[in-house]
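Colleague: Input: one structure, supplied below.
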Amino acid sequence: MAEIEREAMEYDVVIVGAGPAGLSAAIRLKQLDADINVVVLEKGSEVGAHILSGAVLDPCGLDALIPDWKDKGAPLNVPVREDNFYMLGEAGKLRVPNFPMPPLMNNHGNYIVSMGNVCRWMAEQAEALGVEIFPGMACSELVYDDKGGVKGVVAGEFGKEADGSHGANYEPGMELHGKYVFLSEGVRGSLSKQVIAKYDLSQGHEPQKFGIGMKEIWEIDPAKHKEGTVTHTMGWPLGGNAGGGSFIYHLENNQVYVGFVVHLNYKNPHLFPYMEFQRFKHHPMVAELLEGGKRVAYGARAISEGGYQSMPKMVAPGVALLGCSVGMVNVPRIKGNHNAMLSGKAAAEAAHAAIAAGRAGDELSDYETEVRGGAIGKDLKKVRNVKPFWSKWGLVPSLVLGGFDMWTNTLGFSLFGTQKHGKTDADSTEEASKHKPIDYPKPDGTLSFDRLTNVAFSFTNHEESQPAHLQLKDADVPVKVNLPKYAGPAARYCPAGVYEFVSEEGKETRFVINFQNCVHCKTCDIKDPSQNINWATPQGGDGPNYPNM
């Protein structure tokens, strides 16, 4: 096949991903120099299309970036008014009082938001400053200079056939070159993963850890709605099978975000994270809230949980990793958007200084220094041992030890140093023979739903004629290794029903990939015990189209 010829466009900074990190970087660059050329490339059909994120936002990142955000109409309309924490049993609950909680766990001053709408608003601010934003432009490749540094990306390639050949309507896309490239793709981004591997950026750091977060938006009975209420739970239904918990956030307009997180370092391959979420909604406390309401949207995404000790090196020649591409979630607070914004701001300031000094294509070491030593590093360092405590000793000991450690870190020291994570989440999976299958109740169609029904409420869409963006390194592994050894966990760990093992009489079992269902959570790329699945970027605009709520 002849080498593809592409046109190239030159910018000062190329940003991949219009999430909070990428948009913050774009805004800050233009604040510093109105003449700097900045482009943001977003794979979703519009900014916010791939963000179903009902979140509690710490506004410190927005305060630093746009101090007058209130006057400019930022959609932070629901301040947190009530903060609840429960330990659940199968039929009951125990309220954990707020007073023993470390100060950093307090949600006073935070806001319940739709991050999709926050990002749409941030995009408006960026465009008003002169930033070019191109939605529906997936970035499929990195472009390297003759010294091996990153100089750009390929974006907007369309029209490949299922076998990878060029169809009649093939468009080669364009190369967008920059003095610096920022990757703000979110968790387990395909280009970020390549950069981390190529430049060995994880060397000397703990493995990144992840959770799968699933979320539904519900419209509930107005009599039950308590705007500004934040509730977190732990315990049932996961018990000792996995770490994780839930969140219930009361937004405006009688809407409630109901979410469930399962840590992906679980051992039992029979565990079914999606069904744990559906079972959770039948707890009396949750069922009473949702009865009479209706689910209006569903989505899922991986969450980075490794924290301070798992952040890889963030810079390589010509490129910087931002936000969740690095992993900046404060796990006990279940918050990372504020750190994503701060990382974008820090990367922009480092790039601006470098460009002003006549530099290009080198490592933005000042950015990494600011992240590790500044507000982000301080935020994450205080909670660095909560996740490893939980992984090693389980829920109750981790609450006691983690809470104590957060208190002492608030005072400036830790008796435990920095704990290690050890295994990757894939390596944590044990053979099926060591565990019992888990019997899950059938969804009732009122409070709980099967995966395919729920995926319809993510409004996801992929052009079926394109190559599958879920790629097997070895097509024999799912049936010959993962099925007999691990009971085929791909059929369960995916929250969208992408993978299934099909057995037909007289035929060998087949592994089927229904990539059209994919909601871009990346769980398969993370949890597959053989690390045999590679999540690549599909055509631009494909994937979820979460509603503007």
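Each residue of the sequence shown is one higher than the one before, counting from 128 in this note's numbering. For each residue, glycine too, the CB sits at the ideal point set by N, CA and C.
Identify, in the order they occur along the chain, each residue of the same chain with its Cβ nearer than 8 Å to the Cβ of E635, setting aside the five sequence neighbours on each side.
Modeller: V606.
Colleague: Mapping the DSSP letters down to three states, classify W248 as helix, strand or coil.
Modeller: It is helical.
Colleague: Residues in its own chain within less than 6 Å of E476 by CB, not counting five upstream and five downstream?
Modeller: Correct list: empty, nothing qualifies.
Colleague: What do you reckon, are the CB atoms on N464 and P147 nearer than 9 Å?
Modeller: Cβ distance < 9 Å, so N464 and P147 count as in contact.
Colleague: Would you mind reading off the limits of the beta strand (DSSP E) that contains F374?
Modeller: Counting along the chain, the beta strand (DSSP E) containing F374 begins and ends at 371-377.
Colleague: So, with DSSP's three-state summary, where would you put C621?
Modeller: Coil.
Colleague: Could you tell me the alpha carbon to alpha carbon distance between E575 and F387, rounded to whole angstroms?
Modeller: Note that residue 575 corresponds to Ser in the displayed sequence, not to Glu. Whole-angstrom Cα-Cα distance: 13 Å.
Colleague: Please state the DSSP three-state secondary structure of P665.
Modeller: P665 falls in the coil class under three-state DSSP.
Colleague: How many angstroms separate the CA atom of A559 from the CA atom of H548?
Modeller: Distance between the alpha carbons of A559 and H548: 23 Å.
Colleague: Could you check what DSSP says for L448 in three-state terms: helix, strand or coil?
Modeller: Residue state, collapsed to three classes: strand.
Colleague: When you compare the region 536-553 with the region 587-605, are there three or more beta-carbon pairs, one atom per stretch, that lie closer than 8 Å?
Modeller: No contact exists between the region 536-553 and the region 587-605.
Colleague: Quick one: what's V210 bridged to in DSSP?
Modeller: Note that residue 210 is Asp in the sequence shown, not Val. BP columns for D210 point to V357.
Colleague: Considering only residues of the same chain and omitting the five flanking positions on each side of K649, which have a CB-CB separation below 7 Å?
Modeller: Only V314, R315, A429, W662 meet the Cβ criterion.
Colleague: What residue from M438, G521, V523, V166 has the CA that sits closest to H304's CA?
Modeller: It is V166.
Colleague: Answer with buried or exposed for K408, where buried requires no fewer than 16 other C-beta atoms within 10 angstroms of its C-beta.
Modeller: Result: buried.
Colleague: Within 10 angstroms of its Cβ, does Q666 collect 16 or more other Cβ (buried), or is it exposed?
Modeller: Buried: at least 16 other Cβ atoms inside 10 Å.
Colleague: Measure the Cβ-Cβ separation of G366 and M214 and say whether it is below 9 Å.
Modeller: No, they are not a contact pair.
Colleague: Within the 9 Å Cβ cut-off, does P227 reach chain D?
Modeller: Considering every chain present, this structure includes no chain D. It has just one protein chain.
Colleague: In its own chain, which residues sit with a C-beta less than 6 Å from the C-beta of Y138, not counting the 5 before and 5 after it?
Modeller: N164, V166, G305, listed in sequence order.
Colleague: Could you pull out every residue in the same chain whose Cβ sits closer than 8 Å to the Cβ of T200, ignoring the five residues on either side in sequence?
Modeller: Correcting the residue type first, residue 200 is Gly in the shown sequence and not Thr. Excluding residues within five positions, the ones whose Cβ falls inside 8 Å are W248.
Colleague: Give me, in chain order, the residues of the same chain whose beta-carbon lies closer than 8 Å to that of N609; leave out the 5 immediate sequence neighbours on both sides.
Modeller: Counting only Cβ-Cβ distances below 8 Å, and skipping sequence neighbours, we find G615, P616, A617, D655, P656, S657, N659.
Colleague: Spatial neighbours of P411 within its chain, please: C-beta separation below 7 Å, excluding the five flanking residues on both sides.
Modeller: These residues qualify, in order along the chain: A218.
Colleague: So the candidates are L179, S172, A191; which of them puts its Cα closest to the Cα of K472?
Modeller: Comparing Cα-Cα distances from K472 to each of L179, S172, A191, the minimum goes to A191.
Colleague: Measuring straight from C-alpha to C-alpha, what distance separates E422 and R637?
Modeller: For the record, residue 422 in the displayed sequence is Arg; it is not Glu. So the two alpha carbons sit approximately 34 Å from each other.
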